[in-house]
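Following: one structure in structure tokens, then a few remarks.
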Amino acid sequence: MQSSRLDRSPVAVWWRTIDRWFLAAFLSLMGLGILLSFAASPAVAERIGLDSFHFATRQIVYMIPALAAMLAVSFLTPREVRRLAVVMLGGALLLMVAVLYIGVEVKGAHRWVSLFGVSVQPSEFMKPAFVIICAWLFAEKARNPHIPGNLLALLLLCLVVALLVLQPDLGQTILTISTWGVMFFMAGMPWFWIIGIGSLAVVGVFGAYVTFDHFAGRIDRFLTGEGDRYQVDMALDALLNGRWFGVGPGEGVYKKMIPDSHADFVFAVAGEEYGLIMCFLIMALFAFVVLRGLKTALREQDDFTRYAVSGLVAVFGFQSIINMGVNLQMMPAKGMTLPFISYGGSSLIAVAVSMGMVLALTRKKPEGRKRPGIAMMARHALPAE
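End of the sequence shown sits at 935 in the working numbering; the numbers just go up one at a time, nothing left out.
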């Protein structure tokens with residue numbers, strides 16, 4: 551044990567300082583993502599004339615760089631995380647502008663852009679970078695009241711929301727605003743800000759309802775139960791069919807009738823084949839990540855780390871709640887992936903980077919010493935002259 555403490559290699563230092571409970575939760579969700587891709591995707595692939603395991607194989611292929619990205623980012627120091635976020639946010643915003651002109655149109659929305667033959671959704675990579683930059687701005691305002699950090703964070707929010715609405719992607723808009731609100735609240739949001747932003751949010755939702763027919767249609771179908779509710783009805787039937795212990799792996803019936811069973815409705819497939827026990831396990835893992843993240847953040851003395859970790863686990867939690875809520879017909883239908891589990895390269899890699907940031911920011915800091923980053927750990931790993 552003593553020799554392991556004296557080991558100053560980068561991996562040894564990383565292993566001693568990493569939050570292993572977080573790491574175990576993320577790896578468990580990734581494993582469930584692979585398992586459920588084999589359950590949910592064959593029917594979709596066969597329906598469109600592809601090999602049965604086309605999507606499952608690609609999910610594994612996406613998982614490799616996602617895992618590598620999460621582990622690589624987890625080695626960074628808070629300063630290095632901020633630098634990465636600046637680069638990510640700049641690139642994501644440029645691509646979000648490009649999407650409006652050269653993006654691929656899917657169901658009337660421009661959210662994807664093709665880079666070197668690979669489809670990328672820039673807004674997925676915008677989210678973790680946006681959280682980190684806003685956390686830094688809020689922290690700078692707390693450190694020095696003369697710095698207009700809150701105002702700059704608000705202007706950045708307006709820019710991001712404008713680009714999302716133009717796509718349009720109202721789900722990501724609501725997710726981004728909600729996450730920003732959580733961070734601003736933790737940063738000590740004054741009551742007049744709460745009232746003002748809350749009022750603007752209500753006006754914004756009403757304006758979206760009046761302006762966007764697809765948004766109004768989803769709200770109306772949710773409230774009245776009328777109209778095209780095929781996927782959400784099939785998803786609920788799948789969950790009810792699975793009962794407590796499921797019908798068994800590969801034995802699902804309703805999954806074959808859900809067009810997006812491998813993506814937005816993979817939670818319903820989990821319920822049908824593995825039962826409500828599996829659904830509770832998935833929900834417990836997401837709840838664990840969020841609650842542990844908030845608990846860790848509240849104990850953190852550094853403002854930047856506190857706001858950043860809170861924001862990252864908030865967007866992680868909100869996204870999972872929206873996805874599972876739609877599957878359970880507790881929310882209006884919205885194309886929102888289930889982090890680490892739904893099929894999709896952009897979402898998977900972006901979430902992995904986001905959770906890598908959580909791992910990096912929650913690493914233990916030895917008393918009286920700076921936490922070693924990549925450069926410092928590399929110096930310790932070199933032999934003495």
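Just so it is clear, CB atoms sit at the ideal spot from N, CA and C, and this is done for glycine as well.
Predicted model only: the values in this text are computed from it and were never measured.
Rounded straight-line distance, which links the Cα of residue j to that of residue i
i	j	result
M926	A858	With a pLDDT of 47 at M926, under the threshold of 50, the modelled position of that residue is not reliable, and the figure given next carries that caveat. Using only the alpha carbons, I get a separation of about 23 Å.
E935	L573	With a pLDDT of 41 at E935, under the threshold of 50, the modelled position of that residue is not reliable, and the figure given next carries that caveat. Rounded to the nearest angstrom, the two C-alpha atoms are 36 Å apart.
V563	F817	37 Å
A619	N694	34 Å
L585	N873	18 Å
V755	G748	11 Å
C684	R633	13 Å
L705	A593	45 Å
N972	V611	Residue 972 falls outside the range modelled here, since the chain spans only 551 to 935, and no answer is possible.
L716	L650	7 Å
Q879	I769	12 Å
D763	R771	12 Å
L701	E822	48 Å
Y893	M580	11 Å
V631	K884	31 Å
G867	V732	12 Å
S664	L639	18 Å
V752	L720	14 Å
F735	G798	45 Å
F890	L621	15 Å
Own chain, CB closer than 6 Å to residue i, minus 5 neighbours either side, in chain order
i	result
D569	T912
R566	none
M784	Y804, M807, I808
M828	A820
L671	The displayed chain sequence assigns Gln, not Leu, to residue 671. R661, W662, S896, listed in sequence order.
Endpoints, alpha helix (DSSP H) assigned at residue i
i	result
S591	570-597
H604	604-624
W794	No alpha helix (DSSP H) holds W794; DSSP gives it neither H nor E.
V732	720-736
R562	Checking the sequence shown, residue 562 turns out to be Ala, not Arg. 560-567 is the extent of the alpha helix (DSSP H) around A562.
E776	First-last for E776: undefined, no H or E at that position.
V637	628-652
I747	741-761
T912	Here T912 belongs to no alpha helix (DSSP H), and DSSP marks it neither H nor E.
Option nearest residue i by Cα separation, candidates the options
i	options	result
M886	R842, V670, S870	S870
W730	E630, F603, L720, A703	A703
V668	L909, A910, V908, S896	S896
D853	I682, M638, A864	I682
A642	L582, E655, F666, V710	V710
L826	W794, K845, M646, R849	W794
Q781	A813, L750, G792, A758	A813
L645	L714, G906, L577	L714
Contact with chain B by residue i, beta-carbon distance below 8 Å
i	result
A703	The displayed structure is made up of one protein chain only, and chain B is not part of it.
Neighbourhood of residue i by C-beta distance below 7 Å, restricted to the same chain and skipping five residues each side
i	result
G699	L687, F688, E690, K691
V819	L586, A589, A590, A788, G802, K805, S811
For residue i, the first and last residue of its enclosing beta strand (DSSP E)
i	result
S669	668-670
R661	659-665
Same chain only: Cβ atoms within 8 Å of residue i, ignoring 5 sequence neighbours per side
i	result
G800	A589, E823
G875	M881
(request) Indicate whether the contact test is met: 3 or more Cβ pairs, each with one atom in the region 898-908 and one in the region 612-631, closer than 8 Å. (result) Proximity of the region 898-908 to the region 612-631 meets the contact definition, three or more beta-carbon pairs being nearer than 8 Å.
(request) Would you check if there are 3 or more beta carbon pairs closer than 8 Å linking the region 821-839 to the region 624-644? (result) Between the region 821-839 and the region 624-644, the count of Cβ pairs shorter than 8 Å is below three; the stretches do not touch.
(message) Across the region 858-867 and the region 598-605, are there enough close Cβ pairs to call them in contact, namely three or more that are closer than 8 Å?
(response) The region 858-867 makes no contact with the region 598-605: fewer than 3 CB pairs, one atom from each, lie closer than 8 Å.
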